[in-house]
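Protein chains in written order, with the numbering used here: chain A, 1 to 116; chain B, 1001 to 1111. Since the structure comes first, as structure tokens, the remarks are kept for the end.
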Amino acid sequence: NSKVIQTPRYLVKGQGQKAKMRCIPEKGHPVVFWYQQNKNNEFKFLINFQNQEVLQQIDMTEKRFSAECPSNSPCSLEIQSSEAGDSALYLCASSLSSGTGLDTQYFGPGTRLLVL
Amino acid sequence: GEKVEQHESTLSVREGDSAVINCTYTDTASSYFPWYKQEAGKSLHFVIDIRSNVDRKQSQRLIVLLDKKAKRFSLHITATQPEDSAIYFCAASVYAQGLTFGLGTRVSVFP
């Protein structure tokens, strides 16, 4: 069973508000991924980190989305100005991979964001 | 970028029979293919994976096959049980990139 912790489990925001969610990876896992799963089961990879460094991110996350994985603190994903289309399940995963993307990713329970 | 197509959106199988889910991918550089199970209201649970250096892998009742020429991989759930009922997602990854998922297959096991 995965030991990735995500908080909060549910988040309700108005359009234009900030939305912030956190993730604690499994102990000893240096690589963290963020994904968005919408109601149609479409997944979108957002960003990944190895320790504190960004490995890869898609264009979307360079605009309204920001993420970090500070040393000795939970990783976080923040949406600066929420839009209705951001309503989704945000999943954090961690792995032992050295950043190759070829190692098993273990997912947390997710943060379900609803933007009204 | 990579695209993964999951061919069966739903699958209904009798308990004890086998279920087969097929996926195809587009990027020949993909080298890692995991499968995840998602039960209602829950997160993704890793079930099995296969890397491009092998063409078959088995873990208990689960078998994964990979055909790199056809860019196709499949999950076989043998001797299905009621607790196998869930949505199964296939995924593919190119070196050092995030996973690209299929849209899921809802598997229902009936008595």
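Note that CB positions come from ideal geometry on N, CA and C, so glycine has one too.
Less than 8 Å between CB atoms is the rule here; does residue i satisfy it with respect to chain B?
i	result
Pro-109 of chain A	yes
Phe-65 of chain A	no
Phe-56 of chain A	According to the sequence shown, residue 56 of chain A is Gln rather than Phe. Gln-56 of chain A counts as touching chain B.
Tyr-90 of chain A	no
Thr-7 of chain A	no
Leu-114 of chain A	no
Leu-77 of chain A	no
Gln-52 of chain A	no
Tyr-10 of chain A	no
Leu-102 of chain A	yes
Gln-105 of chain A	yes
At a Cβ threshold of 8 Å, is residue i touching chain A?
i	result
Tyr-1032 of chain B	yes
Phe-1073 of chain B	no
Tyr-1025 of chain B	no
Leu-1044 of chain B	yes
Let me know if residue i comes out buried or exposed under the rule of 16 or more other beta-carbons within 10 Å of its beta-carbon.
i	result
Phe-1110 of chain B	exposed
Pro-70 of chain A	exposed
Thr-123 of chain A	Because chain A spans 1 through 116 in this model, residue 123 of chain A falls outside it and cannot be assessed.
Asp-1084 of chain B	buried
Asp-1049 of chain B	buried
Leu-77 of chain A	buried
Ala-19 of chain A	buried
Asp-1055 of chain B	exposed
Ala-67 of chain A	buried
Asn-51 of chain A	exposed
Pro-1082 of chain B	exposed
Asn-1053 of chain B	exposed
Pro-8 of chain A	exposed
Ser-1074 of chain B	buried
Gly-108 of chain A	buried
Tyr-1095 of chain B	exposed
Leu-1018 of chain B	Here residue 1018 of chain B turns out to be Ser, not Leu, going by the sequence shown. Ser-1018 of chain B comes out exposed.
Return no unless some Cβ of chain E is closer than 8 Å to the Cβ of residue i.
i	result
Phe-49 of chain A	The chain inventory of the structure shown lacks chain E, comprising the protein chains A and B.
With respect to the beta strand (DSSP E) encompassing residue i, which residues constitute its N-terminal and C-terminal limits?
i	result
Tyr-1088 of chain B	1086-1094
Ala-93 of chain A	88-95
Thr-104 of chain A	Unbroken run through Thr-104 of chain A: none, as it is neither H nor E.
Asn-1022 of chain B	1019-1025
Glu-1005 of chain B	1004-1006
Leu-114 of chain A	111-115
Val-12 of chain A	10-13
Val-1109 of chain B	1105-1110
Ala-1012 of chain B	It should be noted that the sequence gives Ser, not Ala, for residue 1012 of chain B. 1010-1014 is the extent of the beta strand (DSSP E) around Ser-1012 of chain B.
Thr-7 of chain A	5-7
Give a single yes or no on whether residue i has its beta carbon closer than 7 Å to a heavy atom of the ligand PLP.
i	result
Glu-83 of chain A	The ligand PLP is not part of the structure shown, which contains no ligands of any sort.
Residues of the region 28-42 of chain A whose Cβ lies closer than 9 Å to any Cβ of chain B, in chain order: Phe-33, Trp-34, Tyr-35, Gln-37, Asn-40, Asn-41, Glu-42
Short-range partners of chain A found in the region 1048-1062 of chain B, where Cβ spacing is below 7 Å: Under the 7 Å Cβ criterion, the region 1048-1062 of chain B contributes Asp-1049, Arg-1051.
Contact residues within the region 1079-1111 of chain B, judged by C-beta distance below 9 Å to chain A: Answer set for the region 1079-1111 of chain B: Ile-1087, Phe-1089, Ala-1091, Ser-1093, Val-1094, Tyr-1095, Ala-1096, Gln-1097, Gly-1098, Leu-1099, Thr-1100, Phe-1101, Gly-1102, Leu-1103, Gly-1104.
Every unbroken beta strand (DSSP E) within the region 1034-1072 of chain B, with a cutoff of 3 residues, ordered by chain: 1044-1051, 1056-1059, 1062-1067
Whole beta strand (DSSP E) elements within the region 24-84 of chain A, 3-residue minimum: Runs found: 31-37, 43-50, 53-57, 65-68, 75-79.
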